[in-house]
Structures are given as structure tokens and as C-alpha cells.
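Peer 1: Start counting at 1 in the sequence shown, then tack on 21, and there's your number in the working numbering. For every residue, glycine included, the Cβ atom is placed at its ideal position computed from N, Cα and C. One structure, pasted below without further comment.
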Amino acid sequence: MKCAIGQDSHRFSKNSQKPLILAGVLIKNHKALDAKSDGDVIYHALTNAISGITSVNVLGKTADEMCKNGIIDSKFYVLEALKSLQHDILHVSFTVECKTPVISSYIDNMKENISNLLNIDKKDIGLTATSGEGLTSFGQGDGIMCFCLITVG
């Protein structure tokens, strides 16, 4: 059994025409995150967590090349990371910190997307959100941060 943690964060874009996407879910009527890709911090944190298990980094050089080729959907970065994973995923847990958007109404759809992407049951996915009481720039509304813990066996 192994576990690894992944983290990602992005600030909100001042003038992006892109939508806000979290775990593949469109968050309507909200500013996008500033990123070369779709800026999906949940999928980016997951990609980094998988890289923590496999020691094969995807975000950075590989994802940058994918962006240059027009692949900005972060689900494909997760799929790229999964190619090196030689273990069964037992559980993933996410915590998201932001002031806005309030993501509680989106969590079930996010877990559904993660479940389908990883081919694991929704009961094996934890996803929580916090404002951090405004103690960090994320809780103050400047962007979104996500941590992901993955357990494999």
C-alpha cells in the first residue's frame, strides 16, 4: 500500500473568456482560473498525487506540450498520469479552499466525474471544501487551492 499527496492552486483570471471548471464540472457565472489549460485545480491536484506514487511528473513539461497541441481539458492530464500507475486506486480524498464559488451543490457531480475517470466507486472518493475563514489568499477570494491524497494498493 502507498499514499501520496498532490496540490495545485490558481488565481482567478482578470479577463479570461474561459469557463471555471472543477473536477470536469462547469461552474456557471463565475470567473475562470488563470492557466494555460482549463485550470481545473482538482484534476491538477489528482494528477500531482498520482505522480507522487509513480514518480512520473505530468504537470509541467508533458501537460505544457499537450496545451501547445490544443489539449487543455485537464482530464487528459489525469489519464496521462494513470498510464504509469501500476496499482489499484483504493481511495482519493480532496479538500478545496476558496471563498467563492461555494461548491457544495457541485460535489456530487464532481465525485461522479472522478469516479468515472478513475474507475472507482463514489464511496471511495472524499471531497470537502472550506473557506479557511479568510486566513489565506484563497479564503480571501483570490483563487482556488486543492489538496488530494491518493491511496493505492
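Would you check if the segment 69 to 78 and the segment 88 to 96 touch, i.e. whether three or more CB-CB distances between them fall below 8 Å?
Peer 2: no
Peer 1: Which first and last residues belong to the alpha helix (DSSP H) in which Leu103 is found?
Peer 2: Translated into positions along the sequence shown, residue 103 becomes position 82. Here the alpha helix (DSSP H) through Leu103 covers Lys96 to Leu103.
Peer 1: Which partner residues of Ala150 appear in the DSSP bridge assignment?
Peer 2: Residue numbering aside, residue 150 sits at position 129 when the sequence shown is read from its first letter. Val117.
Peer 1: Can you check DSSP and say which residues form a bridge with Lys52?
Peer 2: Counted from its first residue, the sequence shown places residue 52 at position 31. For Lys52, which the question treats as bridged, DSSP gives no partner whatsoever.
Peer 1: Alpha carbon to alpha carbon, how far is Lys49 from Leu41?
Peer 2: Here the question's residue 49 lines up with position 28 in the sequence shown. Here the question's residue 41 lines up with position 20 in the sequence shown. About 7 Å.
Peer 1: Can you check whether the C-beta of Thr149 is within less than 8 Å of a C-beta belonging to chain C?
Peer 2: Absent here is chain C; the protein component of the structure consists of one chain.
Peer 1: Is the beta carbon of Met131 closer than 8 Å to that of Val46?
Peer 2: Locating residue 46 in the sequence shown gives position 25, where the first residue counts as 1. Locating residue 131 in the sequence shown gives position 110, where the first residue counts as 1. Cβ atoms of Val46 and Met131: closer than 8 Å.
Peer 1: Just how far apart, CA to CA, sit Asp129 and Asn140?
Peer 2: What you label residue 129 is simply residue 108 of the sequence shown in a count that begins at 1. What you label residue 140 is simply residue 119 of the sequence shown in a count that begins at 1. About 16 Å.
Peer 1: Quick check on the burial criterion: 16 or more other C-beta atoms within 10 angstroms. Buried or exposed for Glu154?
Peer 2: As a first step, residue 154 is located in the sequence shown; it is residue number 133 there, counting from the start. The residue in question, Glu154, is exposed, as its Cβ has fewer than 16 Cβ neighbours within 10 Å.
Peer 1: Compare the beta carbon distance of Cys119 and Phe168 with 8 Å and say whether it is the shorter of the two.
Peer 2: Along the sequence shown, read from residue 1 onward, the residue named residue 119 stands at position 98. Along the sequence shown, read from residue 1 onward, the residue named residue 168 stands at position 147. No.
Peer 1: Where does the unbroken alpha helix (DSSP H) through Ser30 begin, and where does it stop?
Peer 2: Residue mapping note: residue 30 aligns to position 9 of the sequence shown, counting from 1. Segment Lys23 to Arg32 is the beta strand (DSSP E) holding Ser30; no alpha helix (DSSP H) there.
Peer 1: Please confirm whether Gly27 and Ser72 have their CB atoms less than 8 Å apart.
Peer 2: In the sequence shown, counting from the first residue as 1, residue 27 sits at position 6. In the sequence shown, counting from the first residue as 1, residue 72 sits at position 51. Taking 8 Å as the Cβ cut-off, Gly27 and Ser72 qualify as a contacting pair.
Peer 1: On the criterion of 16 or more Cβ atoms from any shown chain inside 10 Å, does Met11 qualify as buried, or is it exposed?
Peer 2: Here the chain has residues from 22 to 174 only, and residue 11 is not among them.
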